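Below you'll find the structure, written out as structure tokens, and then a few comments.
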Amino acid sequence: MMKLFDAHCHLQDPKIITKAPQLISSAVASGVSYFAVNGVSEKDWDLVKEMGETYPSVVPCFGIHPWYVAERSPQWFETFKSLFETTPTASVGEIGLDKGSKGREIDFSDQVGVFRQQLELAKELNKPASIHCVRAFGDLLEILKSVGPFPAGIILHSYLGSAEMVPEFAKLGAYFSFSGFLMSMNEKKAKKMLKAVPSDRILLETDSPDALPKAEASCLYFVEGDPSLPEEGNSALDQDSVANEKSNASSDSMKLPKETLNHPANIHTVLGYVARLLDMKNEELGELSYQNAVRLFSYAGSKLLLQRSK
Numbered sequence: 029m030m031k032l033f034d035a036h037c038h039l040q041d042p043k044i045i046t047k048a049p050q051l052i053s054s055a056v057a058s059g060v061s062y063f064a065v066n067g068v069s070e071k072d073w074d075l076v077k078e079m080g081e082t083y084p085s086v087v088p089c090f091g092i093h094p095w096y097v098a099e100r101s102p103q104w105f106e107t108f109k110s111l112f113e114t115t116p117t118a119s120v121g122e123i124g125l126d127k128g129s130k131g132r133e134i135d136f137s138d139q140v141g142v143f144r145q146q147l148e149l150a151k152e153l154n155k156p157a158s159i160h161c162v163r164a165f166g167d168l169l170e171i172l173k174s175v176g177p178f179p180a181g182i183i184l185h186s187y188l189g190s191a192e193m194v195p196e197f198a199k200l201g202a203y204f205s206f207s208g209f210l211m212s213m214n215e216k217k218a219k220k221m222l223k224a225v226p227s228d229r230i231l232l233e234t235d236s237p238d239a240l241p242k243a244e245a246s247c248l249y250f251v252e253g254d255p256s257l258p259e260e261g262n263s264a265l266d267q268d269s270v271a272n273e274k275s276n277a278s279s280d281s282m283k284l285p286k287e288t289l290n291h292p293a294n295i296h297t298v299l300g301y302v303a304r305l306l307d308m309k310n311e312e313l314g315e316l317s318y319q320n321a322v323r324l325f326s327y328a329g330s331k332l333l334l335q336r337s338k
């Protein structure tokens, strides 16, 4: 069976945390070996830490996401630093910059300060950092150039930047991770950008419970009891009834409610889409992206190294 690595997700999200055990086991059964679970604020770091301790497949990541910068406590950085001492298996994320509609509400110089501190710590600890960037790629590149390069790697998560910027980021040590959000980009543009990414820097992710891929409902896994879906008990096992119900209307996920939860096993749909745009076989891209993620997440103290040495 093909092995996949979900390079960025949020299984600790309040929308799915109670379903995490089922979601993880069905995604693992579908071939997902690891999930990099990213914290977004001080409020969820303990949950992420606990998930990392509970599930061998979960790589815990700690960070303050730009949307939550204003809520940080005065001692956030001490707490942040101490987490890496108590959790050597952890990497850094989700951190970043956002000038989108939600990001505009958060003071940008604040975002930059918090991002820089976390980025510098990741570099110092020799761990990868998962980076969120919306409409701020110019600012991001400048900061990365001043702090970098990053021998331990950085992940540009759900990358939707231009093809032109890819070599600049790659030079600094960036990996490019693709989620269902890629399917909302113009296909010609997406293809050009994907072709610019060095093959040893491609990652796949779900960003679950967000970024539901735009695909036929019959191809997707649904989260059981998803409140946005009409019938109870939607799960991958209940696929046929979901598909029938949807095909009566239209089986295109564009018609699924915007807030439909994304199941981590939908990484298969992302894989299929990226492979098609790159003219690669699914197996080939699956293997390549898995090896890239394993290399990136094999920093000192990581679960991947510990599990290999057993």
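Per the working numbering, numbering through the sequence shown is continuous, rising by one, with the last residue being 338. Even glycine gets a Cβ: it sits at the ideal position worked out from N, Cα and C. These numbers come from a predicted model, not from an experiment.
- prompt: For Asp235 versus Cys89, is the C-beta spacing smaller than 9 Å?
  reply: Taking the first residue of the sequence shown as 1, we reach residue 235 at position 207. Taking the first residue of the sequence shown as 1, we reach residue 89 at position 61. No, the pair does not count as a contact, with Cβ atoms beyond the cut-off.
- request: Would you give the residue range spanned by the beta strand (DSSP E) that Leu248 belongs to?
  value: To locate residue 248, count along the sequence shown from 1; it is residue 220. First-last for Leu248: undefined, no H or E at that position.
query: Apart from the five residues on each side of it in sequence, which residues of its chain come closer than 6 Å, Cβ to Cβ, to Asp126?
result: Counting from one through the sequence shown, the residue named residue 126 turns up at place 98. Closer than 6 Å at Cβ, skipping near neighbours: Pro94 and Val162.
- prompt: How should Asn276 be labelled, buried or exposed, when 16 other C-beta atoms within 10 angstroms of its C-beta is the threshold for buried?
  reply: For the purposes of this step, residue 276 is taken as the residue at position 248 of the sequence shown. Bear in mind that a pLDDT of 40 at Asn276, under 50, signals an unreliable position, so the model cannot answer this.
task: Rank Glu133, Glu252 and Ala218 by C-alpha distance to the C-alpha of Ala191 and give the top, closest one.
output: On the sequence shown, position 163 is the one that residue 191 refers to. Nearest of Glu133, Glu252 and Ala218 to Ala191, Cα basis: Ala218.
query: Out of Val86, Leu222, Gly201 and Ser129, which has the shortest C-alpha to C-alpha gap to Asn66?
result: Against the sequence shown, residue 66 aligns to sequence position 38. Ranking Val86, Leu222, Gly201 and Ser129 by Cα distance to Asn66 puts Val86 first.
message: For Gly131, which residues in the same chain have their Cβ closer than 8 Å to its Cβ, ignoring the five residues on either side in sequence?
response: Position 103 of the sequence shown, counting from 1, holds the residue named residue 131. Same-chain partners within the cutoff: Pro94, Trp95, Leu125, Gln139, Val162, Arg163 and Ala164.
field: Beta-carbon separation (whole angstroms), Lys331 vs Thr117, contact threshold 8 Å
entry: As a first step, residue 331 must be located in the sequence shown, where it is residue number 303. As a first step, residue 117 must be located in the sequence shown, where it is residue number 89. Their Cβ separation, rounded to whole angstroms, is 5 Å, which keeps Lys331 and Thr117 in contact under 8 Å.
message: According to DSSP, simplified to helix, strand and coil, what is Asn66?
response: As a first step, residue 66 is located in the sequence shown; it is residue number 38 there, counting from the start. Correct three-state label for Asn66: strand.
Reference Pro156, options Leu333, Gln335 and Ala321, closest by Cα: Counted from its first residue, the sequence shown places residue 156 at position 128. Here the closest residue by C-alpha is Ala321.
message: Whole angstroms are fine: how far does the CA of Lys199 sit from the CA of Glu339?
response: Given that the chain is displayed from residue 29 to residue 338, the structure contains no residue 339 and the question cannot be resolved.
task: Report buried or exposed for Gly166, applying the criterion of at least 16 other Cβ atoms within 10 angstroms of its Cβ.
output: Here residue 166 refers to the residue found at position 138 when the sequence shown is read from its first residue. Classification for Gly166: exposed.
query: What is the DSSP secondary structure of Ser53, reduced to helix, strand or coil?
result: Along the sequence shown, one-based indexing puts residue 53 at 25. Secondary structure at Ser53: helix, using DSSP grouped into helix, strand and coil.
query: So is Asn294 buried or exposed if we call it buried at 16+ other beta carbons inside 10 Å?
result: By 1-based counting over the sequence shown, the position of residue 294 is 266. It counts as buried.
query: Can you tell me the Cα-Cα spacing of Lys283 and Ala243, whole angstroms?
result: Sequence index remark: in the sequence shown, residue 283 carries index 255 (1-based). Sequence index remark: in the sequence shown, residue 243 carries index 215 (1-based). Put simply, the backbone Cα of Lys283 is about 10 Å away from that of Ala243.
message: Which residue wins for smallest C-alpha separation from Phe209, given the options Ser101, Leu240 and Leu172?
response: Within the sequence shown, residue 209 is the residue found at index 181, counting from 1. Nearest of Ser101, Leu240 and Leu172 to Phe209, Cα basis: Leu240.
task: Find out if the Cβ-Cβ distance for the pair Gly201, Ile171 is shorter than 9 Å.
output: As a working note, residue 201 is residue 173 in the sequence shown. As a working note, residue 171 is residue 143 in the sequence shown. No, the pair does not count as a contact, with Cβ atoms beyond the cut-off.
task: Return the residue from the list Asp41, Ile52, Ser317 and Leu169 that minimises the CA-CA distance to Glu122.
output: Locating residue 122 in the sequence shown gives position 94, where the first residue counts as 1. When Asp41, Ile52, Ser317 and Leu169 are compared, the shortest CA-CA separation from Glu122 is found for Asp41.
Of the listed residues Ala224, Ser207 and Lys220, nearest to Leu231 (C-alpha basis): Here the question's residue 231 lines up with position 203 in the sequence shown. When each option's Cα is compared against that of Leu231, the closest is Ser207.
query: Can you tell me the Cα-Cα spacing of Leu169 and Val175, whole angstroms?
result: Here residue 169 is taken as the residue at index 141 of the sequence shown, counted from 1. Here residue 175 is taken as the residue at index 147 of the sequence shown, counted from 1. Cα to Cα, Leu169 sits roughly 10 Å from Val175.
query: Does DSSP classify Phe33 as helix, strand or coil?
result: For the purposes of this step, residue 33 is identified with residue 5 of the sequence shown, where counting begins at 1. Secondary structure at Phe33: strand, using DSSP grouped into helix, strand and coil.
message: Given this structure, state the Cα-to-Cα distance separating Ser69 from Ile92, to the nearest angstrom.
response: Translated into positions along the sequence shown, residue 69 becomes position 41. Translated into positions along the sequence shown, residue 92 becomes position 64. Those two C-alpha atoms are separated by around 5 Å.
query: So what does Ile159 bridge to, in DSSP terms?
result: For the purposes of this step, residue 159 is taken as residue 131 along the sequence shown, with counting starting at 1. In the DSSP output, where bridge partners are listed per residue, Ile159 has Ile123 and Leu184.
- request: Could you tell me whether the Cβ atoms of Tyr249 and Leu324 are closer together than 9 Å?
  value: The residue you call residue 249 lines up with position 221 of the sequence shown. The residue you call residue 324 lines up with position 296 of the sequence shown. Taking 9 Å as the Cβ cut-off, Tyr249 and Leu324 do not qualify as a contacting pair.
task: With a 10 Å radius around its C-beta and 16 neighbouring C-beta atoms as the bar for buried, classify Ser317 as buried or exposed.
output: To locate residue 317, count along the sequence shown from 1; it is residue 289. Around the CB of Ser317, 16 or more other CB atoms lie within 10 Å, so the residue is classed as buried.
- request: Pick out the complete beta strand (DSSP E) segments inside the region 163 to 249, 3 residues or longer, and give them in chain order.
  value: The qualifying runs are 182 to 184, 202 to 206 and 230 to 232.
- request: Check Ser101 in the structure and name its three-state DSSP category.
  value: Within the sequence shown, residue 101 is the residue found at index 73, counting from 1. Here Ser101 sits in coil by DSSP.
Terminal residues of the beta strand (DSSP E) in which Phe90 lies: Walking along the sequence shown from the start, residue 90 turns up at place 62. Here the beta strand (DSSP E) through Phe90 covers Val86 to Phe90.
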